[in-house]
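Novice:
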Amino acid sequence: MAFVEELKQGRRGVRFAVPRGFEVSEETERSAMLVDKARGFSLSLGAFTHRLDLLPAHDALLRRDVERHARDLFETCFRSTSPADSKMRPRTDDKAWSPVVEVAPVNLGAARVLRVVHRLWYEPGRETLMGHLLVPLAQGLFEVRVLPPTSRLSGVREAAVADRATAALAGTDPAAFLRGIDQRASDDPALDASFPRHPLSVARKGLRFLLEDAGLEVLDPDVETRPGEVEITAAGFAVTPPPRYRLVEKNPPSPKLASWSRVSFSGTDGIQLLTVSRTGTRLAERNGRKLARIAEDLTRASVPAGAEGVRVSAVALPDERGRSHAETYHAYAKGASRQQSLFRWFTEPDGEVVMVAFGAAMCVPVDELADDAEAVVRSFRRLGAKKWWQIS
Numbered sequence: 002m003a004f005v006e007e008l009k010q011g012r013r014g015v016r017f018a019v020p021r022g023f024e025v026s027e028e029t030e031r032s033a034m035l036v037d038k039a040r041g042f043s044l045s046l047g048a049f050t051h052r053l054d055l056l057p058a059h060d061a062l063l064r065r066d067v068e069r070h071a072r073d074l075f076e077t078c079f080r081s082t083s084p085a086d087s088k089m090r091p092r093t094d095d096k097a098w099s100p101v102v103e104v105a106p107v108n109l110g111a112a113r114v115l116r117v118v119h120r121l122w123y124e125p126g127r128e129t130l131m132g133h134l135l136v137p138l139a140q141g142l143f144e145v146r147v148l149p150p151t152s153r154l155s156g157v158r159e160a161a162v163a164d165r166a167t168a169a170l171a172g173t174d175p176a177a178f179l180r181g182i183d184q185r186a187s188d189d190p191a192l193d194a195s196f197p198r199h200p201l202s203v204a205r206k207g208l209r210f211l212l213e214d215a216g217l218e219v220l221d222p223d224v225e226t227r228p229g230e231v232e233i234t235a236a237g238f239a240v241t242p243p244p245r246y247r248l249v250e251k252n253p254p255s256p257k258l259a260s261w262s263r264v265s266f267s268g269t270d271g272i273q274l275l276t277v278s279r280t281g282t283r284l285a286e287r288n289g290r291k292l293a294r295i296a297e298d299l300t301r302a303s304v305p306a307g308a309e310g311v312r313v314s315a316v317a318l319p320d321e322r323g324r325s326h327a328e329t330y331h332a333y334a335k336g337a338s339r340q341q342s343l344f345r346w347f348t349e350p351d352g353e354v355v356m357v358a359f360g361a362a363m364c365v366p367v368d369e370l371a372d373d374a375e376a377v378v379r380s381f382r383r384l385g386a387k388k389w390w391q392i393s
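Numbering (our numbering), first residue to last: 2 to 393.
1) CA-CA distance, leucine 220 and isoleucine 295?
2) Cutting at 6 Å between CB atoms, please list the residues of its own chain near glycine 11, excluding the five before and the five after it.
3) Do you know how far the Cα of arginine 80 is from the Cα of glutamate 103?
4) Using the Cα positions of glutamate 144 and threonine 348, report the straight-line distance between them to the nearest angstrom.
5) Just to confirm the assignment, what range does the beta strand (DSSP E) spanning phenylalanine 266 have?
6) I need the boundaries of the alpha helix (DSSP H) containing valine 67, first residue and last residue.
7) For the beta strand (DSSP E) that lysine 38 lies in, which residues bound it at each end?
8) Can you look up lysine 335 in the DSSP assignment and give me helix, strand or coil?
9) Mind pulling the beta strand (DSSP E) runs of 3 or more residues that sit fully within the segment 226 to 270?
10) May I ask you to report which of helix, strand or coil DSSP gives glutamate 30?
11) Does the beta-carbon distance from alanine 5 to glutamate 28 come in below 8 Å?
12) So which of Leu142, Leu63, Val240, Ser265 has the shortest CA-CA distance to methionine 356?
13) Assuming glutamine 340 contacts alanine 306 (C-beta within less than 8 Å), just tell me the rounded distance between them.
14) Express the C-alpha separation of tryptophan 261 and threonine 276 in angstroms, rounding to a whole number.
15) Exposed or buried, aspartate 368, counting other C-beta atoms within 10 Å across all chains shown (16 or more means buried)?
16) Please confirm if the segment 227 to 240 is in contact with the segment 254 to 273, defined as three or more CB-CB distances below 8 Å between the two stretches.
17) Just the C-alpha distance for arginine 301 and arginine 287, rounded to the nearest angstrom, thanks.
18) Pairing CB atoms from the segment 51 to 60 with CB atoms from the segment 28 to 41, are three or more of them under 8 Å?
19) What's the C-alpha gap between leucine 384 and valine 313?
20) Should methionine 131 go down as buried or exposed, given a rule of 16 or more other Cβ atoms within 10 Å for buried?
21) Taking alanine 317 as part of the beta strand (DSSP E), name the residues at either end of that continuous run.
22) Within a Cβ cutoff of 8 Å, which residues of the same chain sit near tyrosine 338, ignoring the five residues on either side of it in sequence?
23) Along the alpha helix (DSSP H) that carries alanine 204, what are the first and last residues, could you check?
24) In whole angstroms, what separates the C-alpha of glycine 156 from that of phenylalanine 381?
25) Could you pull the DSSP bridge partners for serine 278 from this structure?
26) Give the secondary structure of glycine 47 by DSSP, where H, G and I count as helix, E and B as strand, and everything else as coil.
27) Spatial neighbours of arginine 21 within its chain, please: C-beta separation below 8 Å, excluding the five flanking residues on both sides.
28) Helix or strand or just coil, what does DSSP make of phenylalanine 143?
29) Sorted by chain position, which residues of the same chain lie with C-beta nearer than 6 Å to glycine 1's C-beta, five sequence neighbours on each side aside?
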């Protein structure tokens with residue numbers, strides 16, 4: 002059955018029929034593109050296995066994640082093309098400026114969903130924005146993206162704001178004038194009616210349509226779980242993932258590993274991953290340096306083919322209670338994207354090697370990944386046993 006038909010029949014955790022005026026221009030097993038020239042925007046639909054955490058207690062972390070990853074995507078887009086002026090730098094060089102226009106959990110019926118608007122390009126002659134509506138589901142994530150046309154005339158809202166501020170704030174404190182013409186002033190929703198075809202106005206219009214008039218219904222909403230230890234029965238272990246990481250369900254469950262995802266603003270970009278695996282490999286003689294050598298080979302082999310600027314490192318960590326420990330790391334560029342993974346490796350009493358891996362874009366500090374990995378390693382326990390560091 003085609004993806005669009007599955008959505009219409011409510012087989013993907015949501016019910017969504019193609020709205021009147023839209024035509025299906027592309028379709029795969031898990032995605033579709035809808036186009037409506039009269040409304041002036043397209044809709045990109047996608048179903049993903051990743052999980053989105055929207056616990057109110059994690060709201061500050063969510064906003065930080067969205068900011069980090071939207072900024073990273075903006076810079077990736079900048080690197081993907083050659084600007085007309087070779088001296089041009091991305092707008093994000095100004096740390097006070099943000100590509101994120103809006104990020105807000107909102108309600109869709111009884112379900113809690115996430116609304117995001119952000120810029121991908123913002124330079125003379127080119128301004129591109131995108132709106133996202135992310136719907137957490139019991140078995141994954143449904144996302145609708147609002148895709149306005151790229152504007153080839155950038156700065157029109159900004160010019161209007163500057164003109165008004167010049168008239169209204171003439172002779173006032175310069176700091177007040179600068180606040181009156183900053184990005185937030187230009188992005189004020191009150192200006193949308195004056196610039197109905199501006200991509201920001203169109204993105205907001207599209208999101209309002211999805212929330213109010215598109216007939217989108219959540220049938221299998223996510224049930225938020227409290228942070229804490231997660232038991233992976235099929236693989237025989239338990240760990241405590243860091244905040245905002247949600248377990249990715251596998252059917253059937255793996256007997257060796259489990260994965261968690263930390264979604265920010267999209268089902269394809271800005272996602273941090275955690276994998277914990279009982280590798281099946283055993284070391285007859287526990288030795289941190291030997292473990293580091295084996296882990297380094299595995300880490301090097303995990304770098305995608307065609308990657309450039311590859312960096313791989315490995316270090317043996319001090320043994321603890323007869324267990325060997327090692328840490329490895331790789332970073333690389335693939336096209337304009339820059340990715341990294343940090344791995345922790347340790348041996349169980351029977352010699353089996355356990356791997357804890359975090360993958361993220363380079364915008365996430367490596368020290369943060371290392372701290373999270375250390376916490377997961379210390380939380381690891383075989384089911385029916387205490388955590389290894391609690392054994393006297």
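Every residue, glycine too, gets a C-beta built ideally from N, C-alpha and C.
Specialist: On the basis of the coordinates in this document:
1) Translated into the one-based positions of the sequence shown, residue 220 becomes position 219. Translated into the one-based positions of the sequence shown, residue 295 becomes position 294. So the two alpha carbons sit approximately 47 Å from each other.
2) In the sequence shown, the residue the question calls residue 11 occupies position 10. Excluding the 5 residues flanking it on each side, glycine 11 has same chain C-beta neighbours closer than 6 Å at Leu220, in chain order.
3) Locating residue 103 in the sequence shown gives position 102, counting from the first residue. Locating residue 80 in the sequence shown gives position 79, counting from the first residue. Approximately 24 Å between the Cα atoms of the pair.
4) Position 143 of the sequence shown, counting from 1, holds the residue named residue 144. Position 347 of the sequence shown, counting from 1, holds the residue named residue 348. Roughly 40 Å between the two C-alpha positions.
5) One-based indexing of the sequence shown puts residue 266 at position 265. No beta strand (DSSP E) holds phenylalanine 266; DSSP gives it neither H nor E.
6) Within the sequence shown, numbered from 1, the residue matching residue 67 stands at position 66. Residues 60 to 81.
7) In the sequence shown, counting from the first residue as 1, residue 38 sits at position 37. Boundaries for lysine 38: no beta strand (DSSP E) harbours it, and the DSSP string shows neither H nor E there.
8) Position 334 of the sequence shown, counted from the start, is the residue given in the question as residue 335. In this structure, lysine 335 counts as strand in the three-state DSSP scheme.
9) Listed in chain order, they are 231 to 233, 238 to 240, 258 to 264.
10) Working through the sequence shown from its first residue, we reach residue 30 at position 29. Here glutamate 30 carries a coil assignment [DSSP, helix/strand/coil].
11) The count along the sequence shown starts at 1 and reaches residue 5 at position 4. The count along the sequence shown starts at 1 and reaches residue 28 at position 27. According to the sequence provided, residue 5 is valine. The question's alanine does not apply to it. Cβ distance < 8 Å, so valine 5 and glutamate 28 count as in contact.
12) Sequence index remark: in the sequence shown, residue 356 carries index 355 (1-based). Ranking Leu142, Leu63, Val240, Ser265 by Cα distance to methionine 356 puts Val240 first.
13) The residue you call residue 340 lines up with position 339 of the sequence shown. The residue you call residue 306 lines up with position 305 of the sequence shown. The pair is not a contact, with the Cβ atoms about 14 Å apart (cut-off 8 Å).
14) In the sequence shown, counting from the first residue as 1, residue 276 sits at position 275. In the sequence shown, counting from the first residue as 1, residue 261 sits at position 260. The C-alpha of threonine 276 lies about 6 Å from the C-alpha of tryptophan 261.
15) Within the sequence shown, the letter at position 367 stands for residue 368. It counts as exposed.
16) Because the criterion of three Cβ pairs below 8 Å is met, the segment 227 to 240 and the segment 254 to 273 touch.
17) As a first step, residue 301 must be located in the sequence shown, where it is residue number 300. As a first step, residue 287 must be located in the sequence shown, where it is residue number 286. Their backbone Cα atoms lie some 22 Å apart in a straight line.
18) Cβ pair count under 8 Å is below three, so no.
19) Walking along the sequence shown from the start, residue 384 turns up at place 383. Walking along the sequence shown from the start, residue 313 turns up at place 312. Their backbone Cα atoms lie some 33 Å apart in a straight line.
20) One-based indexing of the sequence shown puts residue 131 at position 130. Result: buried.
21) The residue labelled residue 317 in the question sits at position 316 within the sequence shown. Note, alanine 317: beta strand (DSSP E), 309 to 321.
22) Residue mapping note: residue 338 aligns to position 337 of the sequence shown, counting from 1. Checking the displayed sequence, the identity of residue 338 turns out to be serine instead of tyrosine. For serine 338, where only same-chain residues beyond five positions count, the Cβ hits under 8 Å are Thr77, Ala362.
23) Stepping through the sequence shown from its first residue, residue 204 is reached at position 203. Start and end: 200 to 213.
24) Within the sequence shown, the letter at position 155 stands for residue 156. Within the sequence shown, the letter at position 380 stands for residue 381. Roughly 52 Å separates the two Cα atoms.
25) Position 277 of the sequence shown, counted from the start, is the residue given in the question as residue 278. Leu258, Met356.
26) As a first step, residue 47 must be located in the sequence shown, where it is residue number 46. The answer is strand: DSSP assigns glycine 47 an E or B state.
27) Mapped onto the sequence shown, residue 21 falls at position 20. The beta carbon of arginine 21 lies closer than 8 Å to none in the same chain, with the five residues before and after it left out.
28) Translated into positions along the sequence shown, residue 143 becomes position 142. Three-state result, phenylalanine 143: strand.
29) This structure leaves residue 1 out entirely; the chain is present only between 2 and 393.
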